[in-house]
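Presented below is the structure to which this report refers.
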Amino acid sequence: MSQMSPPIVRTVAELRARVMAWRAAGELVGLAPTMGALHEGHLSLIRLAKTHAHRAVASLFVNPTQFGPNEDFEAYPRSEARDAELLASVGCDLLYAPSVSEMYPQGFATTVSVRGVSEPLDGAARPGHFAGVATVVTKLLLRCGPDLAVFGEKDYQQLQVIRRLVRDLDIPVEILGAPTARAEDGLALSSRNAYLTADERSAAPELHRALAAAVEQLHAGRSAAAVEADAMDRLKAAGFSRVDYVEVRAVDDLARLGPGPVPGPARILGAAVLGKARLIDNLAV
Ligand code: PAF
Numbered sequence: 029m030s031q032m033s034p035p036i037v038r039t040v041a042e043l044r045a046r047v048m049a050w051r052a053a054g055e056l057v058g059l060a061p062t063m064g065a066l067h068e069g070h071l072s073l074i075r076l077a078k079t080h081a082h083r084a085v086a087s088l089f090v091n092p093t094q095f096g097p098n099e100d101f102e103a104y105p106r107s108e109a110r111d112a113e114l115l116a117s118v119g120c121d122l123l124y125a126p127s128v129s130e131m132y133p134q135g136f137a138t139t140v141s142v143r144g145v146s147e148p149l150d151g152a153a154r155p156g157h158f159a160g161v162a163t164v165v166t167k168l169l170l171r172c173g174p175d176l177a178v179f180g181e182k183d184y185q186q187l188q189v190i191r192r193l194v195r196d197l198d199i200p201v202e203i204l205g206a207p208t209a210r211a212e213d214g215l216a217l218s219s220r221n222a223y224l225t226a227d228e229r230s231a232a233p234e235l236h237r238a239l240a241a242a243v244e245q246l247h248a249g250r251s252a253a254a255v256e257a258d259a260m261d262r263l264k265a266a267g268f269s270r271v272d273y274v275e276v277r278a279v280d281d282l283a284r285l286g287p288g289p290v291p292g293p294a295r296i297l298g299a300a301v302l303g304k305a306r307l308i309d310n311l312a313v
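One point on numbering: in my numbering, the residue at position 86 of the sequence shown is 114, and numbering is uninterrupted.
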């Protein structure tokens, strides 16, 4: 990590000036929104942005409004200097790292709320979470004005919420989903994996294994209801203290499918708590 950090800007005026200069020169701009504590998954977002655009902008903002009152906003890992070096190593051209008051000035009173796709799954388990995400992502897209924006498929429901809001609000940006980056044992990379003890880290890949086994059973024609119940039992047996859901859903709007065999393309999504970490993962069916 010896490259120089990308320039860091903290105000919307500085961000817009840089992006507008690039666009005036005919360059395409890609944005990768993050909350920092970067890992290989985030770096893959920048690499994907750079394959589709001349310039990649990363944002780093730990967004308080998407954390519930008993969640880990204060504890969420923060490492801006290290993040900037990592971004330099993948050719990121600019880091936008606003303060909370720059993002939400005194008197801020607007919430973007996406009905339907944001309601089940994490929307039910984390009330208010997707309104916080949708509001900050709308602001980031309007502030930066990129040609494209990249989000990880690890947060599959978030990706579908963002696709919906961009369509509904006519925001002129192309949304790209990046495949989930995984450790060798299958665990989806996440900044929250840092909360796991050594024993919990050994048990954590069971979430991916349970979903992968479920996909095989669904392909063999087993009913969604039976497969979901087995996967939840498997996670509890592996030491997960709470399983919020394992559900097979429609790919775009995440509508519930019937309890029987899955008729076509679908997505299986799971969320479960291990120690201090709430882990999520999903796979294509
Ligand atoms: O996925 C994340 O890291 C966050 O939810 C996002 C998209 C940066 C919004 O705060």
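For each residue, glycine too, the CB sits at the ideal point set by N, CA and C.
Only residues of its own chain outside the window of five on either side were considered, and among them L246, G249, R250, S251 and A252 have a CB closer than 8 Å to the CB of P289, listed in chain order.
Only residues of its own chain outside the window of five on either side were considered, and among them F158, A162, V189, R192 and L193 have a CB closer than 7 Å to the CB of V142, listed in chain order. A contact between stretches requires three or more CB pairs, one per stretch, nearer than 8 Å, and the region 167-180 meets this requirement with the region 194-213. Taking one beta carbon from each stretch, the region 109-124 and the region 65-76 have 3 or more pairs nearer than 8 Å; the two touch. Here the C-alpha atom of E147 lies approximately 17 Å from the C-alpha atom of V165. Exclusion of the five residues before and after L235 leaves L263, G298, A300, L307 and D309 as the residues of its chain whose Cβ lies within less than 7 Å of its Cβ.
Comparing alpha carbon positions, the residue from L115, R83, H80 and E130 closest to T39 is E130.
Taking the Cβ atoms as the reference, V313 lies roughly 6 Å from I296, within the contact range of under 8 Å. Exclusion of the five residues before and after A283 leaves R277 as the residues of its chain whose Cβ lies within less than 7 Å of its Cβ.
The beta strand (DSSP E) runs of length 3 or more contained entirely in the region 246-274 do not exist; there are none.
Under the three-state reduction of DSSP output, P61 falls in the strand class.
Cβ neighbours of A232 within its own chain (closer than 8 Å, five residues either side excluded): L215, N221, L224, L302, A305 and L307. Leaving aside the five residues that flank L217 on each side, the residues in its chain whose CB is nearer than 7 Å to its CB run, in chain order, H67, E68, G69, A209, R210 and A211. Taking the C-beta atoms as reference points, L122 is found no nearer than 8 Å to P200. One thing to note: V128 has its Cβ no nearer than 8 Å to the Cβ of P97.
A heavy atom of ligand 1 is found nearer than 7 Å to the CB of F179.
For G267 and G160, the gap between their C-alpha atoms comes out near 31 Å. Taking C-beta atoms as the reference points, A52 and A77 fail to come closer than 8 Å. Straight across, the Cα-Cα distance linking F101 with G151 is about 18 Å.
Between A153 and A49, the alpha-carbon positions lie close to 42 Å from each other. Fully contained in the region 109-197 are the following alpha helix (DSSP H) runs of length 4 or more, in chain order: 128-131, 150-153, 157-172 and 184-196.
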